[in-house]
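Shown next, in structure tokens, is the structure this report addresses.
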Amino acid sequence: MKDAPLRSRLGSRTEASRRQHRCLEQLLDNLLSAIETEAGFLEPFRTARSLAAEHYRAEALLLAEIARHDAALAEKMTAQHAEALEMAAALEDAVAAGHTGDALLLARRFHAIAQHNIIEEERDVFPLAERWDASGSGFGHGGV
Ligand SMILES: [Fe+2]
0 MKDAPLRSRL
10 GSRTEASRRQ
20 HRCLEQLLDN
30 LLSAIETEAG
40 FLEPFRTARS
50 LAAEHYRAEA
60 LLLAEIARHD
70 AALAEKMTAQ
80 HAEALEMAAA
90 LEDAVAAGHT
100 GDALLLARRF
110 HAIAQHNIIE
120 EERDVFPLAE
130 RWDASGSGFG
140 HGGV
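Below, the structure is given as structure tokens:
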């Protein structure tokens with residue numbers, strides 16, 4: 000069976016990522032509201048973290064294609080994903096240790112990196128990937 004056309008395959012991946020970003024942003028907004036109103040932030044944090052982890056796993060396929068063209072750019076996005084999940088793990092450790100102040104700070108940092116990653120991907124990464132794909136400059140398949 001032949002591969003699907005590259006453009007539609009990549010286009011569907013960036014589209015899927017954008018759709019997931021809208022859902023994740025909603026959860027990140029909920030988290031920020033909970034932080035700022037000093038409401039319980041743990042539940043909105045965990046909901047956002049779960050979706051972020053799922054989204055990052057799904058987006059790894061897209062980043063693997065991007066890495067064929069610009070390894071540094073893909074690595075930068077992958078590092079941001081890892082950083083967000085590290086913040087999330089550190090937050091759970093802080094909660095377990097009863098360090099509420101640290102947990103709140105880590106919730107803010109998790110929010111900031113996850114939101115920044117969405118902005119950078121949509122502003123810098125996806126348009127580039129779609130341009131490489133549209134120009135037939137070898138996105139994913141060595142220029143063929
Ligand atoms: Fe993303």
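Just so you know, numbering that gives the first Met the number 0 puts 64 at position 65 of the sequence shown, and the rest follows in order with no gaps.
Just so it is clear, CB atoms sit at the ideal spot from N, CA and C, and this is done for glycine as well.
- About 12 Å separates the beta carbons of L50 and L84, which is beyond the 8 Å limit, so they are not a contact pair.
- Looking at the backbone, the Cα of R12 and that of E74 are separated by about 18 Å.
- A63 has its alpha-carbon roughly 32 Å from the corresponding atom of L104.
- Your pair A87 and L9 does not check out as a contact, with CB atoms roughly 29 Å apart and the cut at 8 Å.
- Rounded to whole angstroms, the gap between the alpha carbons of Q114 and L72 is 17 Å.
- Note on geometry: alpha-carbon atoms of A96 and L41 lie some 14 Å from one another.
- Exclusion of the five residues before and after V94 leaves A102 as the residues of its chain whose Cβ lies within less than 6 Å of its Cβ.
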